[in-house]
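One structure is given below, encoded as structure tokens.
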Amino acid sequence: MKNMKKFTIIPIILIANFLFASTLDQNFQLAKKMYQDTLYEEAIQQFQKIISQYPTSKEAEESQLLVGNCYYNINNFADAEQTYKHLLRAYPESDFVPNALFKLAESQFNQGKYVQSAENYQQLINKYPGSSFAHSSLIKSVKALYLSHQYNETILTALEIAKNYPQNTSIPFVYLVMADAYFDNNIPEKGLSTLQTIISKYKNSEAKWIAVKRLANYYLENDNIEQAINILSDNIDESIPRKYEKDLSLLLGDLLFANNDFQKAMENYQKYLKKFDNETNLDTVSIKIIDCLYKLKNYQKAIEYAQEFVDKLSKSNLIPTAYLRYAQNLFCIKKYTQALQILNKNIWQES
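Letter by letter, the sequence shown follows residues -9 to 341 of the working numbering.
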């Protein structure tokens, strides 16, 4: 009889365990489905039930992480921060710790808590150097230090990261932040050399083109237009990504114009119009070409350009400007009556 009781109890335990596991799995899958469907408020409630009812389960650990992610995805970074902190305290040996530590740092970064986020990015890099989260933390740790105005620490950390992770694709971007730290720390020569290093060493990285623009702007701000022109001219080539070519080629044209090289400036603007013929600033660039022609005293060609502008870009906000340029060039070839007619008919009507 006693043996019968034993045999009866064992199946009951097995059934109970099965039902426990089955219910847990069903609830967890339901919560994950809500999460995947971006029903974050509902998912939070379901995950919290799992954490409360099955606190020692693997699902509870992941639920804690996903609750944090729910808050993070709705930009509730304060609650996300507290949730990730709770996971790290409650499950310090969990496989989800690197993920939670990274998202904790991200939540703090997004709240402007740069000192705390830098500490957590660095902790992640030091404790889990081979993890994907550590690699994602490289640039963010340097950015957080920079944004907290710890310029010396930014530079030292950037140098250490570059030494320890030389093949990481974020290294040229780490150098960009380091260059900013040098400039803000009143060591411009180091900032300039760092930007030059990016340009020469990381030719296939997008960071190169950011460095080119920053270098050109630095020289422009310090009244060295020719050096800025040289930087752009030496680096704008066929390898430049389209999204960077647009800004940099336009900047080059403006610098050439400012340096009184109107012929090259015009050629640069014309090349821009041909390549970026569907951009929203075509009217602005067209006005620049008219101005170049005026400076070159090619008044007839400037008039033709102005007429073409009026005909093709009739809805532009720069139509009054185009008419002014039109009249200006007519005056230069002594067509005073026509110039005055244009002014009277169009400019005064606009006002």
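Cβ coordinates follow ideal geometry from the N, Cα and C atoms, glycine included.
Cβ neighbour criterion (16 or more within 10 Å) applied to residue i
| i | result |
| --- | --- |
| residue 326 | exposed |
| residue 318 | buried |
| residue 162 | buried |
| residue 243 | buried |
| residue 96 | buried |
| residue 131 | buried |
| residue 323 | exposed |
| residue 58 | buried |
| residue 241 | buried |
| residue 207 | exposed |
| residue 335 | exposed |
| residue 233 | exposed |
| residue 55 | buried |
| residue 343 | As displayed, the chain neither begins before -9 nor continues past 341, which places residue 343 out of reach and without an answer. |
| residue 110 | buried |
Length of the line joining the Cα atoms of residue i and residue j
| i | j | result |
| --- | --- | --- |
| residue 170 | residue 235 | 23 Å |
| residue 74 | residue 94 | 6 Å |
| residue 389 | residue 309 | The structure shown does not extend to residue 389, since the chain is modelled only from -9 through 341, so no value can be given for it. |
| residue 39 | residue 98 | 26 Å |
| residue 230 | residue 182 | 21 Å |
| residue 43 | residue 18 | 12 Å |
| residue 142 | residue 295 | 53 Å |
| residue 35 | residue 68 | 18 Å |
| residue 250 | residue 256 | 11 Å |
| residue -1 | residue 13 | Residue confidence for residue -1 is low, a pLDDT of 47 falling below 50, so the modelled location carries little weight and cannot support an answer. |
| residue 87 | residue 134 | 21 Å |
| residue 118 | residue 140 | 24 Å |
| residue 7 | residue 46 | Residue placement at residue 7 is poorly supported in this model, since its pLDDT is 44, which falls under 50; the coordinates are not used for a value here. |
| residue 225 | residue 197 | 13 Å |
| residue 223 | residue 203 | 12 Å |
| residue 272 | residue 315 | 16 Å |
| residue 313 | residue 200 | 37 Å |
| residue 114 | residue 121 | 9 Å |
| residue 280 | residue 291 | 8 Å |
| residue 61 | residue 71 | 9 Å |
| residue 332 | residue 305 | 17 Å |
| residue 123 | residue 89 | 7 Å |
Span of the alpha helix (DSSP H), counted from its first residue to its last, around residue i
| i | result |
| --- | --- |
| residue 30 | 30 to 43 |
| residue 82 | Taken as a continuous stretch (DSSP letters only), residue 82 belongs to no alpha helix (DSSP H), as it is neither H nor E. |
| residue 52 | 48 to 63 |
| residue 294 | 289 to 302 |
| residue 88 | 87 to 100 |
| residue 157 | First-last for residue 157: undefined, no H or E at that position. |
| residue 230 | Residue 230 -> no alpha helix (DSSP H), and no H or E assigned at all. |
| residue 342 | Given that the chain is displayed from residue -9 to residue 341, the structure contains no residue 342 and the question cannot be resolved. |
| residue 277 | 272 to 285 |
| residue 174 | 161 to 174 |
| residue 314 | 309 to 322 |
| residue 179 | 178 to 191 |
| residue 198 | 197 to 211 |
| residue 123 | 122 to 137 |
| residue 264 | 252 to 265 |
| residue 330 | 326 to 332 |
Proximity test, Cβ basis, 9 Å: residue i and chain B
| i | result |
| --- | --- |
| residue 27 | Note that chain B does not occur in the displayed structure, where there is just one protein chain. |
Evaluate contact between the segment 284 to 301 and the segment 260 to 271, counting only Cβ atoms and requiring at least three cross-stretch pairs below 8 Å. no
Do the segment 243 to 253 and the segment 215 to 223 touch if we need at least three Cβ pairs shorter than 8 Å? yes
The segment 143 to 157 contacting the segment 188 to 198, beta-carbon criterion three pairs below 8 Å: With the rule of 3 Cβ pairs closer than 8 Å, the segment 143 to 157 does not count as touching the segment 188 to 198.
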